[in-house]
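Beneath this line is the structure, given in structure tokens, with notes to follow.
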Amino acid sequence: MVFSTFNLPIFLLRLLSPAPVLCIAISLFLLRPPPPPAPSPITPIVVAQHVPRRAFILLFLSLASFIYFFDGLTFVIFAVIRKEWPSHSGIEINAVLGLIAFSGLAALGSWKEIRGHDIWSLRRVKFAVALSAAVDIALVVLLALDARQAGSLSTLPIQTLLHLVFPALRLVLLLPLLLVLSNPRVIYSPVESDVDEEAVAPSLVHPQPAQPSTGLLAVPTSEHNKYGTFRSTRSTYSQTVPSTRAPTPTPSHKAEEKPEITLEPTWGEIWRRIKRLSPYLWPKKSRPLQLVALICIFLLLIGRLVNAAQPFALGELVKIFEGRSSYSVWPVLGIYVALRFLQGSGGLAALRDALWAPVMQYSDREMSELSFNHLLNLSFSFHTRRKTGEILRVLDRGAAINRTLELILFSIVPTFIDIAIALVVFCIKFEWTLALIIFVVMFAYVSASVVLTQWRTRIRRQMNERDVITRGIHTDCLLNYETVKYFGGEEHEAARYRDAIQQYQTLEYRVIISLNILNLIQNFIITAGLLVGSIIVARRVTSKQSDPSDFVIFITYLAQLYTPLNQLGYLYRSVNQSLVDTEKLLRLLNEPTDINDLPNAPDLIVQDGEIEFDNVSFSYDGRTTALNGVSFKVPKGSSVALVGESGSGKSTILRLLFRFYDLAEGQGRILIDGKDIREVTQKSLRQAIGVVPQDSVLFNTTIAYNIGYGKFGASQEEVEIAAKSAQMHDRIMSFPDGYETVVGERGVRLSGGEKQRVSIARTLLKNPPILLLDEATSALDTSTEKDIQKALQNLMMGRSSLSIAHRLSTIANADIILVLKDGQIVEQGNHKELLAQDGLFASMWADQVSATEDQAASIHSAKPEVSGYNVVSDDTTTVPTAPTEASGVESVVGPPGDAAASSMSEEVAPPADKVTVKSHEATASEPAPIAFPSSESQEEPRGTAVKPVDPQTEVFEAPTSPTSSPVAFPTADVSFPASPPTPGVTFEETATPPRSGTPDPESEPKRKRISSQNFQRLAKRISISTRRQGSVSSIIPGLKRDSPRVSTDDGRAEGSNDSPSPSVADDSETKGKKKEKKEKKRKS
86 MVFSTFNLPI
96 FLLRLLSPAP
106 VLCIAISLFL
116 LRPPPPPAPS
126 PITPIVVAQH
136 VPRRAFILLF
146 LSLASFIYFF
156 DGLTFVIFAV
166 IRKEWPSHSG
176 IEINAVLGLI
186 AFSGLAALGS
196 WKEIRGHDIW
206 SLRRVKFAVA
216 LSAAVDIALV
226 VLLALDARQA
236 GSLSTLPIQT
246 LLHLVFPALR
256 LVLLLPLLLV
266 LSNPRVIYSP
276 VESDVDEEAV
286 APSLVHPQPA
296 QPSTGLLAVP
306 TSEHNKYGTF
316 RSTRSTYSQT
326 VPSTRAPTPT
336 PSHKAEEKPE
346 ITLEPTWGEI
356 WRRIKRLSPY
366 LWPKKSRPLQ
376 LVALICIFLL
386 LIGRLVNAAQ
396 PFALGELVKI
406 FEGRSSYSVW
416 PVLGIYVALR
426 FLQGSGGLAA
436 LRDALWAPVM
446 QYSDREMSEL
456 SFNHLLNLSF
466 SFHTRRKTGE
476 ILRVLDRGAA
486 INRTLELILF
496 SIVPTFIDIA
506 IALVVFCIKF
516 EWTLALIIFV
526 VMFAYVSASV
536 VLTQWRTRIR
546 RQMNERDVIT
556 RGIHTDCLLN
566 YETVKYFGGE
576 EHEAARYRDA
586 IQQYQTLEYR
596 VIISLNILNL
606 IQNFIITAGL
616 LVGSIIVARR
626 VTSKQSDPSD
636 FVIFITYLAQ
646 LYTPLNQLGY
656 LYRSVNQSLV
666 DTEKLLRLLN
676 EPTDINDLPN
686 APDLIVQDGE
696 IEFDNVSFSY
706 DGRTTALNGV
716 SFKVPKGSSV
726 ALVGESGSGK
736 STILRLLFRF
746 YDLAEGQGRI
756 LIDGKDIREV
766 TQKSLRQAIG
776 VVPQDSVLFN
786 TTIAYNIGYG
796 KFGASQEEVE
806 IAAKSAQMHD
816 RIMSFPDGYE
826 TVVGERGVRL
836 SGGEKQRVSI
846 ARTLLKNPPI
856 LLLDEATSAL
866 DTSTEKDIQK
876 ALQNLMMGRS
886 SLSIAHRLST
896 IANADIILVL
906 KDGQIVEQGN
916 HKELLAQDGL
926 FASMWADQVS
936 ATEDQAASIH
946 SAKPEVSGYN
956 VVSDDTTTVP
966 TAPTEASGVE
976 SVVGPPGDAA
986 ASSMSEEVAP
996 PADKVTVKSH
1006 EATASEPAPI
1016 AFPSSESQEE
1026 PRGTAVKPVD
1036 PQTEVFEAPT
1046 SPTSSPVAFP
1056 TADVSFPASP
1066 PTPGVTFEET
1076 ATPPRSGTPD
1086 PESEPKRKRI
1096 SSQNFQRLAK
1106 RISISTRRQG
1116 SVSSIIPGLK
1126 RDSPRVSTDD
1136 GRAEGSNDSP
1146 SPSVADDSET
1156 KGKKKEKKEK
1166 KRKS
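Residue numbering for the sequence shown follows the numbering used here, starting at 86 and increasing by one per position.
Dropping the structure here:
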């Protein structure tokens, strides 16, 4: 009730109170972002940024809107109770306009601020709030004066008192709102960090979130240089920002263009996505499940009728209680309770969910199998660039699509059905204007939900991407745990993870804020619709056009309708977000399978196992050539070895043969028994090929399972036979759990040699007609390697095999050796033929030999003194040597830098009782290894020469590394047969007895060191000379296997090889002259 004295002024003030804010809210629709400020020639180092106190602003605007709503709702309730509509009060108009004005300002202000507008710093916004506060002050004063005329406050009606309290509370909110708008937060920040207002907003997560990062390389944060104070027009300086991943090199080629997924889908795009996934969502393969789905749809329609009948049952109860109905209360009450039961979660919904469970499981099973099978069928190139953690995360999030059909069928569709039924009921029961208002409210609600959800989708997508990166860091650290420990990277990885978490939580905070804004706007729209609809129905009740029970029906039906309407916003977000979560899954499903079988392709049946590469050329990226015109043939049952430097194309040949890649037209052919491997099925091809990789990766299960993987369904006996052939059975039985021992992830609980032997056993069990060996014995010790080599030789017997070897000694027995360089075959032949060709293979052989000799020399250099030689052998012959006739390898120390002009020095000979040599009968197979003694002293001049030894003098030999082939140097006219590689040279600690003609016994250690150093330098110079000339057989004839050592003298002068050291010759004339000089030296 409003008193007549101030009736007109109060009415006008109530109309004017929300008007300024409403005008400003409407003007925001036409607001455009201001132009960017002109660049200043001087850039400040630190700038002050004004950040609005957004949380408080939205809080005060929301509370003011709710006060308007409760003011209007109080007016409606008392009008319905009293069945009297107060005239000319203006309360209902004030409530509707105020609710729209303040809620609209909060919603549009937040939306425009997200779009880049600085709303809360506008003067007109502050002016409008101040003007509304001033009008409210005047309104409160008039209402207080009007109430004072009626007497004390205790005698005022409750309705009048509430209409006085609500404006006073609104005024209490507007004053601090004006204060908050006038005093924003001031933040001083460096200019190079573009402060994100969303990031610096009050957050309960962390005070200062990390700067946004792409996760890869740093990018510039502005167009100009941020460090200096003057602007640079062409600055290339870029600021680094925290990154959650190490910088990744730019790919050398552009990735293949693939169909992109629309990141902001329209309704049509959403429908196309659902249509594409419908074969995996709808149980088309199962008739019983389709029948179950139809039953669930029938229950859904029954539920719509229950929802429409329940408000009318409640209205009939109200009529009965008012005495306006002749029906008995108990049947109506029973019907109402039954309808409420069917509406509840334990009624029709529970029955429907129980029936729908098998259909949902079908959807989950089909989608999971689809993604898993597609992932296994993707090309090798895809798996070389994928990140395991990200793929697993994509598969996890992609499972959300399985709920899409359930949400659409049982939530979205029923909501639209309920809305349609409600509009018809309102038109029939009340009037068309009420139905029109409800329709407008629902349309506004749906539109606002769609627009704001699209905005939230972009933020959520960024958050999901950051979550994937965080998951990737998890996986990388788990897979590379040992690497982290080796290099002490715990703090580095913790910092990477901390940065990733902070960046993820920054985006997560924005998602939470956006959700609150969306809920705020949705509630404002629903509240406005409820208020306007209540006013219309209350006006009908007070004017006797409707019964009070109709108001109950309207409120109940509208609340029941708003429930699915609220659900509609949530459902749209859920469906859209589930589609966002499955974007990467859809992109994964869009990834093409590069290797596909031809239609009706036959199986490969291997008979002879003949492999042929016919003019094969291949490139991974279309820019660099991996293979160029490679042609060779692997005859039936022969072994072919591939050698060459890294990147020469060895692994590419094996990958092409296994069809990890397919050759395009014009790139040649790969044939097995005359059949192009592109024309047969991949399964049959790979069943015919056994692979022993260099890095054997095992499943995280038992050893028996890993070995049995070579032949599915193999018996335990077959598994043990394969393990015995791979020399692994005894080792397995030494484990506590034997064949049931779990090897750990990727086999980390086994050593490298054990993993490789398990891999070999797996291939032995497969028993394929074609073998591919990629350094199959690289992780084995020497003794086990010999056993495995025997097992592999037995396995390769009668089978075609291709093997890659970096240690050339492991493929010496291969039938054919192919030497590759820059994707081409430059040499081919067996071991002996390639050494005779004196080409690239011979150079590689010599490099490995010289590297082994350097290792042996470095090992012996730590000994302080060399006192003698001892050649260990099973069959040895002791050669007595007199001091006066003992001859060995003598050194001549010349001036530094002069290697040609040399002077003679004293010889160093071992004791007679320590010199042993193998018998000729025992050394007829292979050349003996040789090593050179050395000592700690390195102070002698480098210019040395070597004097050939007497024909009767034996050659002292030392062992080289077991991985390299033995080598021996010719020393006399008589060709000594080679010795097997097992004997070695050891250096004794005993002192050499003094010999006749020795000037000074105390200088004996020095002469020994000189001789040792000269021998070592000689070997290195011969190696250098060999590599420079590309000749091995002319200098080191011992490299030619099974060939006698003959003289290499071709009449050239000493030093004609362009080597720092003189050439080694053994012609009799030269030896005779040097022998005469030696005898003269001794006699003197």
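Virtual Cβ for every residue (Gly too), placed ideally from N, Cα, C.
Source: prediction; values computed, not measured.
Buried versus exposed call for residue i [16 or more other C-beta atoms within 10 Å across all chains shown]
{"i": "K669", "result": "buried"}
{"i": "S411", "result": "exposed"}
{"i": "Y566", "result": "exposed"}
{"i": "K851", "result": "buried"}
{"i": "L376", "result": "exposed"}
{"i": "R708", "result": "exposed"}
{"i": "H173", "result": "exposed"}
{"i": "Q812", "result": "buried"}
{"i": "L564", "result": "exposed"}
{"i": "Q692", "result": "exposed"}
{"i": "V719", "result": "buried"}
{"i": "R200", "result": "exposed"}
Boundaries of the beta strand (DSSP E) in which residue i is found, first to last residue
{"i": "I901", "result": "I901 to K906"}
{"i": "K718", "result": "L712 to V719"}
{"i": "L1180", "result": "No answer is possible for residue 1180: the residues shown for the chain start at 86 and end at 1169."}
{"i": "G729", "result": "S724 to G729"}
{"i": "V403", "result": "Segment R372 to E407 is the alpha helix (DSSP H) holding V403; no beta strand (DSSP E) there."}
{"i": "V776", "result": "I774 to V777"}
Identity of the residue in the options nearest residue i by Cα
{"i": "M548", "options": "D481, F797 and T591", "result": "T591"}
{"i": "T848", "options": "L835, T641, F926 and L877", "result": "L877"}
{"i": "G883", "options": "G722, P137, E860 and R831", "result": "G722"}
{"i": "G837", "options": "G823, P778 and A218", "result": "P778"}
{"i": "A394", "options": "E516, K735 and V510", "result": "V510"}
{"i": "H891", "options": "L903, L207 and T542", "result": "L903"}
{"i": "S885", "options": "E870, L857, K906 and Q874", "result": "L857"}
{"i": "I621", "options": "S704, Y594, I522 and A585", "result": "I522"}
{"i": "E593", "options": "Q607, T542, V725 and F397", "result": "T542"}
{"i": "I586", "options": "R595, I554, T560 and G714", "result": "I554"}
{"i": "I405", "options": "F609, S634, I611 and T612", "result": "S634"}
{"i": "S628", "options": "A191, A164 and S733", "result": "A164"}
{"i": "L1174", "options": "V804, G829 and D221", "result": "Given a span of 86 to 1169 for the chain in the structure shown, any question on residue 1174 remains unanswerable."}
Cβ-heavy atom distance, residue i to the ligand COA, below 7 Å
{"i": "V934", "result": "In terms of ligand content, the structure shown is empty, and the ligand COA therefore cannot be addressed."}
Cross-strand partners of residue i (DSSP beta bridge)
{"i": "D699", "result": "R754"}
{"i": "K840", "result": "None, per the DSSP bridge assignment."}
{"i": "H135", "result": "V271"}
Boundaries (first-last residue) of the alpha helix (DSSP H) holding residue i
{"i": "E802", "result": "Q801 to S810"}
{"i": "D438", "result": "L433 to N462"}
{"i": "I910", "result": "Segment Q909 to G914 is the beta strand (DSSP E) holding I910; no alpha helix (DSSP H) there."}
{"i": "L490", "result": "T489 to L492"}
{"i": "I558", "result": "W517 to L564"}
Item to complete: Decide yes or no for the touch test of the stretch 765 to 780 against the stretch 736 to 748: beta carbon pairs closer than 8 Å, at least 3 of them.
Response: yes
Item to complete: Spell out a yes or no on whether the stretch 158 to 168 and the stretch 572 to 588 are touching, meaning 3 or more CB-CB pairs, one atom from each, closer than 8 Å.
Response: no
Worksheet item: At a cut of 8 Å, does the stretch 605 to 622 reach the stretch 181 to 189 through at least three beta carbon pairs?
Response: yes
Worksheet item: Does the stretch 205 to 225 come close enough to the stretch 92 to 111 that 3 or more CB-CB pairs lie under 8 Å?
Response: yes
Worksheet item: Does the stretch 642 to 657 come close enough to the stretch 518 to 538 to have 3 or more Cβ pairs within less than 8 Å?
Response: yes
Discussion item. Count Cβ pairs between the stretch 814 to 822 and the stretch 728 to 741 that sit closer than 8 Å; are there 3 or more?
Written reply: no
Fill in: Three or more C-beta pairs below 8 Å linking the stretch 439 to 454 and the stretch 406 to 426
no
Fill in: the stretch 355 to 365 / the stretch 465 to 472 touching (three or more Cβ pairs under 8 Å)
no
Worksheet item: Would you call the stretch 639 to 647 and the stretch 493 to 513 touching, i.e. three or more CB-CB distances under 8 Å?
Response: yes
Worksheet item: Do the stretch 492 to 499 and the stretch 381 to 400 touch if we need at least three Cβ pairs shorter than 8 Å?
Response: yes
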